[in-house]
Amino acid sequence: MVNDIRFTGNYFLENNPSMDKLITKGIFNGKKVLSVMAGCRPEYVMNFMDYVAARPRLYAGKQWKLSEVFATWAVEGAPEIIKD
3 MVNDIRFTGN
13 YFLENNPSMD
23 KLITKGIFNG
33 KKVLSVMAGC
43 RPEYVMNFMD
53 YVAARPRLYA
63 GKQWKLSEVF
73 ATWAVEGAPE
83 IIKD
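For the sequence shown, the numbering used here assigns the number 86 to the last residue and increments by one with no breaks.
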């Protein structure tokens with residue numbers, strides 16, 4: 003998963019850098035989405051998957067590209083699930 007997100011981020015940085023939107027909230031505030039993707043770390047994916055598990059209605063029964071929904075999550079502030 004991490005490698006897929008990194009690959010996609012790097013691909014679009016090289017081939018369509020105009021897609022590199024500024025993130026204006028959350029843990030990636032002030033960074034650009036393709037740069038976050040190119041530098042993806044396992045903990046980013048774990049946080050994202052925790053969010054997916056907590057909000058299954060957004061994802062269940064649909065076919066999404068991992069890198070696409072990860073990018074949307076990051077741009078929307080990378081909401082995190084608070085664990086007890």
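The beta-carbon is built from N, C-alpha and C at its ideal position, and this holds for glycine as well.
Quick caveat, the model's predicted, so the values are computed rather than measured.
Kindly list the residues whose CB is nearer than 8 angstroms to the CB of residue i, restricted to its own chain and excluding five residues on each side of it in sequence; keep chain order.
i, result
"Pro75", "One detail in the question is off: residue 75 reads as Trp in this sequence, not Pro. The answer, listed in chain order, is Phe50, Tyr53, Pro81."
"Arg8", "Met39, Ala40, Gly41, Cys42"
Which residue from the options puts its Cα closest to that of residue i?
i, options, result
"Leu36", "Val77, Asp86, Ile84", "Val77"
"Asp22", "Ile83, Glu70, Asn5", "Glu70"
"Thr10", "Lys67, Gly28, Asp86, Ala55", "Lys67"
"Asn12", "Pro58, Thr26, Val38", "Val38"
"Lys85", "Arg59, Met48, Gly41, Ile7", "Met48"
"Gly79", "Leu24, Met3, Asn5", "Leu24"
"Asn5", "Pro58, Gln65, Gly41", "Gly41"
"Pro19", "Leu60, Lys34, Phe30, Arg43", "Lys34"
"Tyr46", "Arg59, Asn17, Gly28", "Gly28"
Can you give me the Cβ contacts of residue i inside the same chain, cut-off strictly under 7 angstroms, excluding the 5 residues immediately before and after it?
i, result
"Phe30", "Val38, Ala76, Ala80"
Could you check the C-alpha separation between residue i and residue j for me, to the nearest Å?
i, j, result
"Arg59", "Ala73", "18 angstroms"
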